[in-house]
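J.: Under this note's numbering, think of the first position of the sequence shown as 19, with each following residue one higher.
Take this structure first; my questions come after.
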Amino acid sequence: MAATEHRHKENFRRLMAETHEGNLGIVDELVDENVVTHGFFGMDATDREGYKAFFEGFGAAFADQEFVVEDLVAEDDLLVVHFSIAAVHRGEILGIEPTGRELSWTGTAVDRYEDGRIVEAWLYPDSVAILDQLGALPEGVGY
């Protein structure tokens with residue numbers, strides 16, 4: 019594995035560990051100031067402050083997070099991660115008031131790097147699983 023790809027993996031693990039613990043300062047180090055995100059629970063960002071706001075809002079909505087990297091692949095300027103996450107729904111998200119429910123889901127994320135920083139990110143959470151566990155799907159839809 020090339021040194022750059024190894025660095026992307028290490029930096030991603032650091033970013034997730036720190037942001038899921040509420041330390042958003044790590045974003046300044048590892049994310050480009052003009053980052054663009056896609057699929058971030060309706061909270062897409064077009065800059066680093068928006069990226070931080072996503073993690074702040076996500077952390078407020080989902081407490082006691084346990085984020086697990088299931089698979090992590092890096093090649094050239096791309097990093098792909100398959101993850102699982104467990105959390106407790108403690109704050110409003112997507113217009114859904116807190117339920118206090120324990121949730122778990124999986125997802126995939128793709129990050130593109132330039133000069134060692136994330137410049138673009140795509141998030142593909144299992145939205146049906148999340149909404150189903152929140153009780154936000156019509157009867158008969160979901161898992």
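For glycine and all other residues, C-beta sits at the position ideal for the given N, C-alpha and C.
If D62 and T55 are in contact, beta carbons under 8 Å, what's the gap, nearest whole angstrom?
T.: Translated into positions along the sequence shown, residue 62 becomes position 44. Translated into positions along the sequence shown, residue 55 becomes position 37. Yes, D62 and T55 are in contact; Cβ-Cβ is about 5 Å, under 8 Å.
J.: Is DSSP giving V159 helix, strand or coil here?
T.: As a first step, residue 159 is located in the sequence shown; it is residue number 141 there, counting from the start. V159: coil per DSSP, three-state reduction.
J.: Per DSSP, V49 forms a beta bridge with which residues?
T.: By 1-based counting over the sequence shown, the position of residue 49 is 31. Beta-bridge pairing links V49 to I136.
J.: Below 8 Å on the Cβ atoms is my contact criterion, and I expect E5 with S102 to pass it. Report the Cβ-Cβ distance as a whole number of Å.
T.: Residue 5 lies beyond the stretch modelled for the chain, which goes from 19 to 161, so this question has no answer here.
J.: Give the list of continuous beta strand (DSSP E) stretches no shorter than 3 residues that lie fully inside the stretch 99-131.
T.: none
J.: Pop quiz: I114 and A154 are said to be a contact at Cβ under 8 Å. What is the actual Cβ separation, rounded to whole angstroms?
T.: Counting from 1 along the sequence shown, the entry for residue 114 is found at position 96. Counting from 1 along the sequence shown, the entry for residue 154 is found at position 136. Right, the Cβ-Cβ distance comes to about 6 Å (below 8 Å), so this counts as a contact.
J.: Tell me where the alpha helix (DSSP H) around D89 begins and ends.
T.: Along the sequence shown, one-based indexing puts residue 89 at 71. First-last for D89: 80-93, but that is the beta strand (DSSP E), not the alpha helix (DSSP H).
J.: Could you have a look at T64 and say whether DSSP puts it in helix, strand or coil?
T.: Your numbering for residue 64 matches position 46 in the sequence shown. The answer is coil: DSSP assigns T64 none of H, G, I, E or B.
J.: Pick out whichever of T117, E138, V86, I111 has its Cα sitting closest to the Cα of E74.
T.: For the purposes of this step, residue 74 is taken as residue 56 along the sequence shown, with counting starting at 1. Of the listed residues, the one whose Cα sits closest to E74 is I111.
J.: Kindly identify the DSSP beta-bridge partner or partners of V54.
T.: Within the sequence shown, the letter at position 36 stands for residue 54. In the DSSP output, where bridge partners are listed per residue, V54 has E138.
J.: By the 10 Å Cβ neighbour count, where 16 or more other Cβ atoms means buried, how is A13 classified, buried or exposed?
T.: Lying outside 19 to 161, the shown extent of the chain, residue 13 is not represented and no answer is given.
J.: To which residues of the same chain is T126 closer than 6 Å at the C-beta, ignoring the five residues directly before and after it?
T.: Your numbering for residue 126 matches position 108 in the sequence shown. Only residues of its own chain outside the window of five on either side were considered, and among them H100, Y142 have a CB closer than 6 Å to the CB of T126, listed in chain order.
J.: How would you call D159, buried or exposed, if buried means at least 16 neighbouring beta carbons within 10 angstroms?
T.: Within the sequence shown, residue 159 is the residue found at index 141, counting from 1. The question names Asp, yet the displayed sequence has Val at residue 159. With fewer than 16 Cβ atoms within 10 Å of its Cβ, V159 is classed as exposed.
J.: Quick check: D65 and D133, are their CB atoms within less than 9 Å of each other?
T.: For this step, residue 65 is matched to residue 47 along the sequence shown. For this step, residue 133 is matched to residue 115 along the sequence shown. Not closer than 9 Å, so no.
J.: State yes or no: is the C-beta of Y131 within less than 9 Å of the C-beta of H38?
T.: Taking the first residue of the sequence shown as position 1, residue 131 is located at position 113. Taking the first residue of the sequence shown as position 1, residue 38 is located at position 20. Their beta carbons are not under 9 Å apart, which means Y131 does not touch H38 by this criterion.
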